[in-house]
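Residue numbers (my numbering), protein chains in the order written: chain A, 215 to 570; chain U, 215 to 570.
Using N, Cα and C, we set each Cβ at its ideal position, and we do this for glycine too.
Here is the structure we will look at, set down as structure tokens.
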């Protein structure tokens, strides 16, 4: 388990180049005040010995502040995005031996203008690297990514992946597979072969909040079409900015559709349905499945008003995404393009052993 | 996020005690060749200032080799225990700045004498700390643990927990909850309310290999008794040292019990049943569930001969267990008694995103 390797020290390079140790040090760390002649001498030796720079030591020694910025959907305490953000900040702390700054810009996921204006703020803050929790709209994302590319600013994608872009890395679930998995669990939960299922969507501006959510629904529908072709799937649209209206919509839906015994939501809001049924229709038994072990959902799992959650370790997503960006942008280590995170089923029986 | 604290340096302690820096250093690192008088002077100052030792620096500076030993069930390449062992060795590597030795003693889990004799070998090797993958028998474990206690040797338990013992820490699944979770999944998989289920057990000396396995079965049966009371549960005992005999037993069982459509195993051997059915009774559809994402099981999930696996990150168990023991025994940081690991469902849809 021991490895030996002959290490070339700065002292050796200095001797080989015929310059001082201090000069080699200045060259290696990219500092100024080195004469052109000395620089050439050192560079020649570095080329000859195939010198692989120790970026870690180099970055530690550097006076440069590495400016990271993230643009994320605005979020309440304990939401999916709050946990991702906590993970990002833990990443910042992990590398606090280095000079790092980190700013987070929050946008309204249902308001394209809000995203655009936060993109402007982010770019004006002149970061060195960017982490993006993407907005739904392709053209708006494309415009932002093009601006980053033009400035040669490296960026990472979190949660929603886009094969059309070239981020340093992506962290999040494979949304289609995640939807197929939720279909598999639903198929197991339903007992008859012609059951009725409701998809609950939290909408704004006529769409859900993210591509990740939209594609989970695609994966779910693909699975159900193949494995439960006779199941009837209802769509129930709830409006993010109309909480009182939600109650009305749910009340109407469940009253008009007495045979719906199963429900699913592809974001972390299934607790809204669980709480509604618990309070307003306590005798109605609907098997519910949703995403993310946020506190409100965990509470519903424990009291039985929600049956299944699919979890994805948001804190680890944030932490690992920050680490990847740090490795790529500060240590110049190439990162894997796609990091698909786990797709985990939580029930009353195993939820106590899940950690973010 | 910055903390400031006034640090007392060795130099300060030396001045306050009126001895040399070297003497303080020797006292702090527990070395010999310090006069009784100097020792008392230094100790008095340490008491006065409520000195909290920096165990990390102290351990790094020490010349002591920390001898860790593990006693584990013998295992084939890629088994659950092979992955745990890999994790333990990764732990050893992580702390290779320290002087650590690590020996693994392997015993036959179905042979009590083999365990006893490896316990002797382990104790004769004079380790400082012990990691135990327990044998099934309580009295034999008790005897071993008593010997460790008498020598004041700290130990950890892996996989099977025993509330009667006082290990530094335990890493593994909550076996009853794990069994209940497998019951929940089985309840969902079965479609009728009076279905027939087979429990496949790999036995030796009239028992399964571990308490963990036995208690998973207890949890499973509890769940099924409550939620599917009309289900008929068969027991099929396979013998670990009689591989040809397995085929005969499975053949006889499936022939005599044409209504059994579901099967479960509480260790990592469900692939034996999947492979048998695939090859010998390709038309017989049995929904199978087992434990552990070992290669043979993953292959069965992908070809559809096994439907569900419950996974538990064995590599992380080994790594984290070693880290805990290192923290407890070298850095003198108290560890949590029980570390219950996650209970994860793997299917064809999400298995690609699971990592050990």
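In this structure the region 370-383 of chain A does not touch the region 391-401 of chain A; the number of beta carbon pairs closer than 8 Å is below three. Taking C-beta atoms as the reference points, residue 531 (chain U) and residue 383 (chain U) fail to come closer than 8 Å. At a cut-off of 8 Å between C-beta atoms, residue 240 (chain A) does not count as an interface residue with respect to chain U. Interface flag for residue 403 (chain U) against chain A is set, since a Cβ pair is found closer than 8 Å. Within the DSSP secondary-structure output, residue 559 (chain A) pairs in a beta bridge with A:524.
A:300 is the residue among A:410, A:403, A:237 and A:300 whose C-alpha sits nearest the C-alpha of residue 535 (chain A). Under the rule that a run must span 4 or more residues, the alpha helix (DSSP H) segments found entirely inside the region 286-367 of chain A read 294-308, 326-338 and 352-364. Excluding the 5 residues flanking it on each side, residue 499 (chain U) has same chain C-beta neighbours closer than 8 Å at 475, in chain order. Taking the beta carbon of residue 556 (chain U) as reference, the chain A residues within 9 Å of it are 558, 564, 567, 568 and 569, listed in sequence order. Listed in chain order, the positions of the region 379-392 of chain A with a beta carbon within less than 9 Å of a beta carbon of chain U are 387, 388, 391 and 392. Cβ-Cβ distances below 7 Å link residue 463 (chain U) to 450 and 452 in the same chain, with the five nearest sequence neighbours on each side left out; the list follows chain order.
Only those residues of the region 244-259 of chain U whose C-beta falls short of 9 Å from the nearest C-beta of chain A would be listed, and there are none. Taking a cut-off of 8 Å on C-beta distances, the region 279-287 of chain U does not touch the region 483-500 of chain U, as fewer than three cross pairs fall below it.
Here residue 343 (chain A) is near residue 368 (chain A), since their CB atoms are less than 8 Å apart. Taken through DSSP and simplified to helix, strand or coil, residue 263 (chain A) comes out as coil. Collapsing the DSSP output to three states places residue 433 (chain A) in a helix. Cα atoms of residue 258 (chain U) and residue 231 (chain U): separation of roughly 8 Å, rounded to the nearest angstrom. Residue range 410-417 is occupied by the beta strand (DSSP E) that includes residue 415 (chain A), with no alpha helix (DSSP H) assigned at that position. For residue 561 (chain U), the nearest CB of chain A lies under 8 Å from its own CB, placing it at the interface with that chain. Contact between the region 544-558 of chain U and the region 559-569 of chain A is established, with three or more Cβ pairs separated by less than 8 Å. Approximately 4 Å separates the beta-carbon atoms of residue 488 (chain A) and residue 520 (chain A); this is inside 8 Å, confirming the contact.
Rounded to the nearest angstrom, the Cβ distance from residue 400 (chain U) to residue 403 (chain A) is 13 Å, too far for a contact under 8 Å.
Against chain A, a Cβ distance below 7 Å from residue 394 (chain U) picks out 563. Cα atoms of residue 526 (chain U) and residue 319 (chain A): separation of roughly 37 Å, rounded to the nearest angstrom. Nearest to residue 407 (chain A) by C-alpha distance, out of A:435, A:433, A:426 and A:441, is A:441.
DSSP places residue 237 (chain U) in no beta strand (DSSP E) but in the uninterrupted alpha helix (DSSP H) bounded by 235-242. The distance from the Cβ of residue 280 (chain A) to that of residue 543 (chain A) is about 7 Å, consistent with a contact at the 8 Å cut-off. The CB of residue 551 (chain A) never comes closer than 9 Å to any CB in chain U; the least such distance is about 16 Å. C-alpha of residue 467 (chain U) to C-alpha of residue 496 (chain U): approximately 15 Å in a straight line. For residue 347 (chain A), same chain residues with a beta-carbon under 6 Å away, outside a window of 5 residues either side, are 286, 287, 372 and 373 in chain order. Using a CB distance cut-off of 8 Å, residue 398 (chain A) counts as an interface residue toward chain U. In the DSSP assignment, residue 448 (chain A) forms a beta bridge with A:412.
Between residue 358 (chain A) and residue 333 (chain A), the gap from beta carbon to beta carbon is short of 8 Å.
In the structure shown, residue 479 (chain U) adopts extended strand secondary structure according to DSSP, grouped into three states.
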